[in-house]
Amino acid sequence: MIYFAELGQNPELSLAEILAVYPKIKILFRTDKAVIFESSEEPNIEKLGGTPKLGKVIGEGKSLKEIILTELKKESKEKKIFFGISFYGAKSDNNLGRTIKNILTDDGYKVRWVTGKEKILSSVIVKTNKLLRRGGEFCILPSSSLSTRGRKEEGVWVAKTIDVQDFFDYEFRDMKRPARDLVSGMTPPKLAKMLINLGGASDEVLDPFCGSGTLLMEAALLGIKDIYGSDISEKAVDDSKKNIVWLKEKYQLSSMAFSEIKKCDVNNLQECWQKKFKLIVGEPYLGPAIRGGLSFEKAKNLQKELEENYDRYLKGLSDSLKKNGKLVLIVPFMITAEKIFYLDIDIKKYGLESIHELILYSRPDQKIGRQIYILKKT
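Per our numbering, residue 646 is the first one in the sequence shown, and the count goes up by one each step.
Shown next, in the form of structure tokens:
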């Protein structure tokens, strides 16, 4: 089966996560905002943190109008249809939606054509307008093939959205949990899920910088069997425990296995846990919250401080990994008007090797961004 996935705000990170969760897929085509792939397994959007939409390809060629009309009529169980069209890299055409609406109306259907300000409908628009239940959203991507005469012919992929990310649920977990730490900062739930997924399939995970427990919560919802958390802060440990109790109640996770959450310095992980791990995932201290601009001199000093911290972290983390175990680690970088400061850290010194190119994660307004390291213990 051929599927479509919309890539999130960081397309490279979204695609890396899809490939980590579904390593057997075959990429057929991609734009900067979406990817078409072949898979024997139907992807599940609940397993992915960086994919706003998933769909099935229902046609390829030039006959857009006929493909969409056929699908809408086939799926309609009553004479009422809601539909929308999104264009990913393909030239947008408002006349297409208008034509489809007019034809369906002439055929006796009550029709609502849902549009947005952009040429791509957001997952919020798709969900709130009930497009998945009362008709459909159709995603159009460009494609090209060779004709029998050897000439390149332009066409399109047409995918029908089968699911969208539950943005309300992510917001609920982020904002309604009982313990939130705005001072130390919190890893966004979607990013936490992506970090876990980048480590590949594993039945256990340790977060040695657990903070208020975001990563532990997402690991539980992914169905990971054995989940361990620690932090040097007693408050963070207490916050994580409160949030896990809340998660179990709200999401009815009575059978969830939680090994332990305890206070522990990352340099003493072996002493704390008395075991080595298959997968460690974490976001350490990224530096102070920056109000206003970040000067060149302040960034340079922060770079030195963080390099010393990460040198210590890597020793403790490496010592706690099993051979061939994986480490997914956030490393900060500082953005000034003059220069971007990256940390110079020596992973080989601690028997680690990179198994994926570095992924950058930041927003345009941020002064401190995130680099995602995916490492293996040699």
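In this text, a Cβ means the ideal position worked out from N, Cα and C, and glycines have one as well.
- DSSP places L851 in the strand class (E or B) of the three-state scheme.
- In this structure, the CA atom of S685 is about 43 Å from the CA atom of D956.
- In the three-state reduction of the DSSP assignment, I647 falls in the strand class, which pools E and B.
- Contact between D883 and S904 does not hold, since the beta-carbon distance rounds to 17 Å and is not under 8 Å.
- Annotation: P833 is outside any beta strand (DSSP E) and is labelled neither H nor E by DSSP.
- DSSP places I712 in the helix class (H, G or I) of the three-state scheme.
- The DSSP assignment places 903-908, 922-927 as complete runs of the beta strand (DSSP E) inside the region 895-965, in order along the chain (cut-off: 3 residues).
- Going by C-alpha positions, L699 is about 20 Å away from T715.
- Between the region 808-820 and the region 660-671, the count of C-beta pairs closer than 8 Å stays below three; the two stretches do not touch.
- Apart from sequence neighbours up to five positions away, the residues of its chain that approach G932 with a beta-carbon distance below 7 Å are L947, L951, P977, I1013, ordered along the chain.
- Judged by DSSP in its simplified three-state form, T744 adopts helix.
- The straight-line gap separating the alpha-carbon atoms of L939 and K719 is approximately 57 Å.
- Only residues of its own chain outside the window of five on either side were considered, and among them L840, L843, G844, V926, I1019 have a CB closer than 6 Å to the CB of V973, listed in chain order.
- Counting the other CB atoms within 10 Å of its CB gives N740 a total below 16, which places it among the exposed residues.
- Secondary structure at L860: helix, using DSSP grouped into helix, strand and coil.
- For the options I807, V850, L749, the alpha carbon positioned closest to that of S768 is the one of I807.
- Judged by DSSP in its simplified three-state form, R1015 adopts strand.
- DSSP lists I985 as the bridge partner or partners of I980.
- In chain order, I869, K923, L924, K971 place their CB closer than 8 Å to the CB of S847, counting only its own chain and leaving out the 5 sequence neighbours on each side.
- Between F728 and A679, the CB-CB gap reaches or exceeds 8 Å.
- The beta carbons of K746 and V756 sit closer together than 8 Å.
- One alpha carbon belongs to S875, the other to A881, and they sit about 8 Å apart.
- By the Cβ-count criterion, T832 is buried, with 16 or more other Cβ atoms from all chains shown falling within 10 Å of its own Cβ.
- As DSSP reads the structure, D871 sits in a beta bridge with E849.
- Taking 8 Å as the upper bound for CB-CB distance, G858 and I889 are in contact here, some 6 Å apart.
- Shown here, D826 sits in coil according to DSSP, grouped into three states, outside any helix or strand.
- Apart from sequence neighbours up to five positions away, the residues of its chain that approach Y930 with a beta-carbon distance below 7 Å are N954, ordered along the chain.
- Pairing K895 with S885, the inter-Cα distance amounts to about 15 Å.
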